[in-house]
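Remarks on the structure that follows.
4 protein chains.
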Amino acid sequence: MSKQEFSFPAEAEVIAYMETLSNWGRWGEDDRVGTLNHITDEVRVAAAAMIRTGKAVSLSRDIDPLEADPLHSGIAQVQRFMGLHEVADHLGGEQRRFDAVTEYVGISAHGSNTHIDGLAHYSWEGTNYNGFKESDTTSLFGAKSLSVHQADRGFLTRGVLLDIAALHDVRWLERGHPVTPDELEAAERRQGVTVRPGDAMLIHTGNVEAILTEGPDAPGPAARQAGLHAACLPFLHERGVAVLGNDGIQDVQPSGYGLDLMRPVHTVGLVALGLWLIDNMQLTELAATCRQEQRWEFFFAALPWRMKGVTSSASNPVAVF
Amino acid sequence: MSKQEFSFPAEAEVIAYMETLSNWGRWGEDDRVGTLNHITDEVRVAAAAMIRTGKAVSLSRDIDPLEADPLHSGIAQVQRFMGLHEVADHLGGEQRRFDAVTEYVGISAHGSNTHIDGLAHYSWEGTNYNGFKESDTTSLFGAKSLSVHQADRGFLTRGVLLDIAALHDVRWLERGHPVTPDELEAAERRQGVTVRPGDAMLIHTGNVEAILTEGPDAPGPAARQAGLHAACLPFLHERGVAVLGNDGIQDVQPSGYGLDLMRPVHTVGLVALGLWLIDNMQLTELAATCRQEQRWEFFFAALPWRMKGVTSSASNPVAVF
Amino acid sequence: MSKQEFSFPAEAEVIAYMETLSNWGRWGEDDRVGTLNHITDEVRVAAAAMIRTGKAVSLSRDIDPLEADPLHSGIAQVQRFMGLHEVADHLGGEQRRFDAVTEYVGISAHGSNTHIDGLAHYSWEGTNYNGFKESDTTSLFGAKSLSVHQADRGFLTRGVLLDIAALHDVRWLERGHPVTPDELEAAERRQGVTVRPGDAMLIHTGNVEAILTEGPDAPGPAARQAGLHAACLPFLHERGVAVLGNDGIQDVQPSGYGLDLMRPVHTVGLVALGLWLIDNMQLTELAATCRQEQRWEFFFAALPWRMKGVTSSASNPVAVF
Amino acid sequence: MSKQEFSFPAEAEVIAYMETLSNWGRWGEDDRVGTLNHITDEVRVAAAAMIRTGKAVSLSRDIDPLEADPLHSGIAQVQRFMGLHEVADHLGGEQRRFDAVTEYVGISAHGSNTHIDGLAHYSWEGTNYNGFKESDTTSLFGAKSLSVHQADRGFLTRGVLLDIAALHDVRWLERGHPVTPDELEAAERRQGVTVRPGDAMLIHTGNVEAILTEGPDAPGPAARQAGLHAACLPFLHERGVAVLGNDGIQDVQPSGYGLDLMRPVHTVGLVALGLWLIDNMQLTELAATCRQEQRWEFFFAALPWRMKGVTSSASNPVAVF
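Residue numbers (the numbering used here), protein chains in the order written: chain A, 651 to 971; chain B, 651 to 971; chain C, 651 to 971; chain D, 651 to 971.
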């Protein structure tokens, strides 16, 4: 398969995805969870059958307040303030044989950390998924209509890893490598797995490992990253992907389009499909485990906070084989 | 079964639990996850068999920054600051057809929220679980030895609900009701279930529902709450409970002992057993589902943050039937 | 003087103040400090002559993180997180004979606290003082054009207290009492003082003391408060007031106009005049001192933070007699 | 004057300063403001006479959340979260002709910023100034006994700049240059000024300018800095200095002593003398102005927050000539 053969859609065609791939109204006028509707009770039952050896693998990197922006995303901010000797504090200064500590922790979640993007994160022409208004999100009251707490039952489903780095027999794809639907299908064939409705589809590009090893190739948003090309959006829609995860920010950067389509997988995915995203996952150990087990499907668990009014959630997704 | 018949242990006996129920060294000198060692691969495989209908129930309450301390615990603090119009900000003020919002969120986790207590939270005479020092936790560097990020593979195991409120045929136990091991065993018999190694054992007292409905009976730490009596600690140890969850703070308040044993389930549980706790869960819907399904065991999922240096994690545990 | 005799301006007239009282361009196209231009070197020299006995009076209330919203403004948030034992932390756990503590403090300044409103705080039809754009203030970069750090030399000038409560011989004015220019002039006559260019003009209504003593008469923005009526705006402009301070939020609430003019002293003052405001001052001790000294002019000092990008500054103004 | 001639005190002598230079009890058993007692009404009256031309100079650097640690102190943290479109938020989404923005700002004040060190910041053998206990400062309740809000009337007094860089005819002293009392007196003679009780004594070493220009010579606390040697402590005590300010952290680094005396001007100054410190001032413009005016005394204003429970206050001190 050579890159040259793939014919990328024109900008107008990608913008048309906002209509042609839309899930608006599909699950009711008031639906607030989008593609999570694909995770039915039956999907959960089928996913349980993936647990065979019981081996568990974390798909998150550590969140370290002492190294707040390891991926140089430029907007990460992690804080931790310890409250020591809580017992003496509560008991009027009296020391007891036991003691407790507590803390305040704070996160700007849409940054370097492994995090979930909720449906209020992106808008297109003032509108979020299912026609909710961008202006429903305000400074004072937060994201009123599409907060992540809507996903209260979490993402418990089958996970499938498509290992695009392995497809090309490299540790990580070149910076700026656009993953195409041809490559997704080639990975399916190579791995003997087919993405189906309700799946958490994870894409291994090696991008996080590349940045942690060699640094970004430019500061902030200018850095090139491997990721999905907008051309993959019809695949995501047709297969009924419930959750899309990536060791990067999903979108190949640059996207190949103008600024309005700077991040089309985010824009079309979140707004038209209502597709939940998990950015900056750690997929290196998962890819190794899949190779070792010769199995690229597993039970997948990720549980967003039930915090009202927010568009993000730090997350520690786990795969169980 | 009448309360009077139960013989509560003397204070010295509970303090002796620090030795007699100790798991220190049991899983190695450097073990940092305590009772999570009970959750073996085999336990996860067995837990998968609990998923039969696929029905999922959230066990967390919403975290609402606009109502930061619903349980009046006195130390809760939840913050959310929205960053609106992120795209224009990044592109030098230029408006595009798409837009994004982001936010900072902050939590004092050991408060009203549904949260996990990690093993660094409590100490006894300057020492945490497995002999790690309380002084390993500092203002600047946080909890160095026993941070919650050690639990990177999460809590994915069998969950068992012991419904003590239902045992007494009430919506919630009286404030200050001490749950005894006799009651735990009576609930097991009534429900036809037996707690076994690796389980997430959840106790339904109705406490959270009582406070949300009728308010606390006193402000702050003085409020009486139903919860486990220290006498349950041997049960927790013998059965190999991996995770203890409760619609309250585990410990009955007052504990029935002096200030050193103000919260013995926390102190002995966290320090001697290395037992992970989940406070302030929402168990009302779970109890109703168990009753309806006539099944008090289920697949249990809770995934602490992989944040380094902290003793807590907000959490949204989910049960799947 | 009776209230009925005063003829309040119509809404259109107040809106016309945006033009008729405008200081735009008066101190240059790029001026960013507005009425602080009235505080010339000569004004500072004249102000120094006010210091005669050396008695100093604080005009701020305490900011107490344990009582974050004493005036029930609904948006106050004050935080303090202590870092204890900083020395041991820095020296790798080693205890020394000396120790240090540090802390993080956080404030939502436009709330209950005594605070300065900078010129970026309010806009009218998308525009701030001197034609700067409201859109110059963004989530990511803050208030780029009119941040409070522009006032780097502080407010060091003559202060004048107009004691409207004393004029009516009450401890505090009735909730919702609109202070008129007639009353300002009557207070000047009664006190034997005349407001002149560069002055910090402070208005004692007794409002803060009323709320602290008797509570607000309604929650949040609905509460009635004594304060300046929009009719005072020409007085502020003609006299060349540099800083306006008040034991309330300047504006009488309700303002007597529609929602567009909900807070006309803020809107016209900040946007048209470029007038710096100090809300929620503690003026009780000052009023008593003035009465005792039979002197309503003094040296006035308030020093905003030099924090870039912000529209507010907590402040502890001090008067010296 | 050559450095070699100066005989530095031995470590034991400096430790003895804790007794010999102590102000404990001098202003009463319950005194909480230490050397601010030197700023009497008479001192304020005399200070007013310093205002002759009215020229004002800010002595603070900007605090920029986008550049949180310009001096690489390693513990600075400045945050700003904007709340945009506050009006629409409050009025239920309704747009009006006026709008407002607000923000949350947070500071770890004992860092790179120009900030005041309050008397609870340092302790010696568990004790703060005047015998208050270090344990009066707790995670939950903050600095109960010696919070900066005690200084409610601010620092309004005479300021004196001793320009040690100019004494040596350099832009900045060498990193690690220890300023001795000989140099303080030589600067007094050269400038024709004498430090007297109640003064804010400012020391120009050029240290901040050196770091901003050339960077620190090592990361964090290891960096050498010019500053006062412990040998200056008797001078500070004898002259009755009320406030000590510096374009650095007061103490020369390294101090020339062991770890217990890592920062003796902080330790002895704050604990024994009760001396208020202002770290990391911007003194470059002040030094130039003094040289130009041939006058090294001026009116000095600095106003700590009235925040309860804290040991620090960001500050923008201003000098008026």
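For every residue, glycine included, the Cβ atom is placed at its ideal position computed from N, Cα and C.
Quick one: measure Cβ to Cβ for residue i and residue j, integer angstroms, because I've assumed they're closer than 8 Å.
i: C:Ala-881; j: C:Phe-658; result: 6 Å
i: B:Ala-706; j: A:Arg-874; result: Rounded, the Cβ-Cβ distance is 39 Å, inconsistent with contact.
i: C:Val-915; j: C:Leu-953; result: C:Val-915 to C:Leu-953, Cβ: 23 Å. No contact.
i: C:Asp-767; j: C:Ser-905; result: With a Cβ gap of about 16 Å, C:Asp-767 and C:Ser-905 do not count as contacting.
i: C:Ala-698; j: C:Phe-949; result: 7 Å
i: A:His-765; j: A:Asn-930; result: 7 Å
i: B:Val-918; j: B:Leu-671; result: 6 Å
i: C:Ala-876; j: C:Arg-825; result: 7 Å
i: C:Asn-975; j: C:Gly-924; result: The structure shown does not extend to residue 975 of chain C, since chain C is modelled only from 651 through 971, so no value can be given for it.
Measuring alpha carbon to alpha carbon, tell me which of the options ends up nearest residue i.
i: B:Leu-812; options: B:Ala-660, B:Glu-838, B:Arg-825, B:Lys-794; result: B:Glu-838
i: A:Glu-947; options: A:Gln-841, A:His-799, A:Ser-758, A:Gln-745; result: A:Gln-841
i: C:Ser-797; options: C:Thr-917, C:Leu-671, C:Arg-956; result: C:Arg-956
i: D:Gly-809; options: D:Ala-951, D:Ala-662, D:Ala-666; result: D:Ala-951
i: D:Asp-691; options: C:Val-683, C:Ser-965, C:Gln-900, C:Ile-701; result: C:Ile-701
i: C:Val-845; options: C:Thr-939, C:Asp-819, C:Val-893, C:Leu-909; result: C:Val-893
i: B:His-827; options: B:Trp-677, B:Leu-862, B:Thr-855, B:Glu-835; result: B:Thr-855
i: C:Val-902; options: C:Asp-849, C:Thr-939, C:Ile-853; result: C:Ile-853
Does residue i pass the burial test, meaning 16 or more other C-beta atoms within 10 Å, or should it be called exposed?
i: D:Ser-652; result: For D:Ser-652, the predicted structure reports a pLDDT of 48, less than 50, and the residue's modelled location is therefore unreliable. The matter cannot be settled from this model.
i: C:Gln-944; result: exposed
i: C:Gly-761; result: buried
i: C:Gln-932; result: buried
i: B:Ala-750; result: buried
i: A:Arg-821; result: exposed
i: C:Glu-717; result: exposed
i: C:Pro-869; result: exposed
i: A:Glu-864; result: exposed
i: B:Gly-733; result: buried
i: B:Asp-739; result: buried
i: C:Glu-775; result: exposed
i: D:Ala-815; result: buried
i: C:Lys-783; result: exposed
i: A:Ala-872; result: exposed
i: C:Gln-745; result: exposed
i: A:Ala-969; result: buried
i: C:Glu-935; result: exposed
Indicate the three-state DSSP secondary structure (helix, strand or coil) for residue i in the structure shown.
i: B:Glu-753; result: strand
i: C:Tyr-779; result: helix
i: D:Leu-812; result: strand
i: B:His-760; result: coil
i: A:Leu-834; result: helix
i: B:Thr-844; result: coil
i: B:Ala-770; result: coil
i: C:Thr-961; result: coil
i: B:Val-820; result: coil
i: C:His-827; result: coil
i: B:Ala-666; result: helix
i: D:Ala-801; result: coil
i: D:Lys-740; result: According to the sequence shown, residue 740 of chain D is His rather than Lys. Correct three-state label for D:His-740: helix.
*Where are the alpha helix (DSSP H) runs, 4 residues long or more, that stay fully inside the segment 674-732 of chain C, in chain order?*
Entirely contained in the segment 674-732 of chain C, the alpha helix (DSSP H) runs reaching 4 residues are, in chain order, 691-698.
*asked:* Restricting to runs no shorter than 3 residues, where is the beta strand (DSSP E) found entirely within the segment 848-918 of chain B?
replied: DSSP runs (the beta strand (DSSP E)) wholly in the segment 848-918 of chain B: 850-854, 893-896.
_Quick check for students: name the residue ranges of the alpha helix (DSSP H) that lie wholly in the segment 921-967 of chain C, counting only runs of 4 or more._
Within the segment 921-967 of chain C, the complete alpha helix (DSSP H) runs of at least 4 residues are 934-943.
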